[in-house]
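Numbering of the sequence shown is given in our numbering, commencing with residue 1283 and proceeding in unit increments.
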Amino acid sequence: MTTDDQDMTDSKLTRSKRRWAEEGKFLTGRISRPEAERLPPGQHLVKNWPVLDLGQQPEIRPDSWRLDIRGLVDSPVTLSWKSFLALDQSESRSDIHCVTTWSRYDNDWRGVLTRDLLDAAPPKAEATHVMLTSYDGYTTNLPLEDFASEDAILATHWQGEPITTEHGGPMRLVVPHLYFWKSAKWLNRIEYIAGDKAGFWERNGYHMRGDPWREERYSDD
Ligand SMILES: Nc1nc2c(c(=O)[nH]1)N[C@H]1C(S)=C(S)[C@@H](COP(=O)(O)O)O[C@H]1N2
Ligand SMILES: [Mo]
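Okay, here's the thing in structure tokens:
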């Protein structure tokens, strides 16, 4: 240490600052991230909400709608629309990040948190992943941990209105911390599985996990 450093470290202000750092002084406990960090790398912001799917938009009437919970579960469950709505209903605000590079902030979802569904039909201990199947034949896979994240929601409403058919109504999944292709529209079946298995886009060059912050867009990146 030079004499200058010595003077600096020993100055009254420096000592107070070091003490503040130790005590965490001025920390509000609030998280404020600059805009630049809210937008994952390679993404741009849009105000509208684009529609993306395989081209088939199934119309499912509430009385014929079903959600099957299968695979590694103690007792398989089939929920009707009425029994789905009888589960706890929650709200969750989140950002959308699509692999085609658009992001949309502040989407207000309402529906059943995946955590509440997992409580209602708990997977067996061996389950590590989920395979999702939708009414249009779409499939996508997720680690159980991502499916169970605290803001993941089986959504029936967006900005206070029922989700339209083109966006996956009457019910779609939203897993906001992964690219939007993991958020299955028109969800019909949740299968708990042991080990990972590729869904539709994952077999067609997309990443098995799809974390936008790590730019996990394509396989073998
Ligand atoms: N059932 C189903 N879910 C799907 C898809 C699909 O083709 N079928 N496409 C995925 C993709 S690639 C994206 S980007 C989002 C688009 O959702 P949106 O049309 O509501 O924006 O849905 C995802 N979920
Ligand atoms: Mo997508």
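The beta-carbon is built from N, C-alpha and C at its ideal position, and this holds for glycine as well.
If you draw a 10 Å sphere on the C-beta of T1415, you find 16 or more other C-beta atoms in it, and that means buried. Residue nearest to K1329 within the set R1485, I1378, L1424 is I1378 (criterion: CA-CA distance). Note: A1407 is not bridge-paired with any residue in the DSSP secondary-structure output. At least one heavy atom of ligand 1 lies closer than 7 Å to the C-beta of D1418. Assigned with DSSP and collapsed to three states, T1422 falls in strand. By the criterion of at least three beta-carbon pairs nearer than 8 Å, the region 1340-1360 is not in contact with the region 1421-1433. Cβ atoms of W1468 and Y1387 stay farther apart than 8 Å, at about 24 Å. Beta-bridge annotation (DSSP): R1348 is paired with S1362. Taking the C-beta atoms as reference points, H1439 is found nearer than 8 Å to R1392. With a beta-carbon spacing of about 6 Å, T1410 and A1476 fall inside the 8 Å limit used to define contacts.
In the structure shown, A1402 falls within a helical segment according to DSSP collapsed to helix, strand and coil.
By the CB criterion at 8 Å, E1497 and P1344 fall outside the cutoff. When C-alpha distances from Q1339 are compared across Y1488, A1466, W1483, the shortest belongs to A1466. Of all alpha-carbon atoms in W1495, P1494, M1413, the one lying nearest the alpha-carbon of A1480 is that of M1413. Closer than 7 Å to some heavy atom of ligand 1: that describes the Cβ of L1336. Taken through DSSP and simplified to helix, strand or coil, L1367 comes out as helix. Straight-line spacing of the CA atoms in P1358 and D1390 works out to 31 Å.
When distances are taken from the beta-carbon of W1363 to the heavy atoms of ligand 1, even the shortest one reaches 7 Å or more. Of the candidates Q1371, V1456, D1398, W1495, W1495 places its Cα closest to the Cα of E1319.
About 12 Å separates the CB atoms of P1425 and Y1474; that is not less than 8 Å, and the two are not in contact.
The C-alpha of V1333 is placed about 16 Å away from the C-alpha of W1483.
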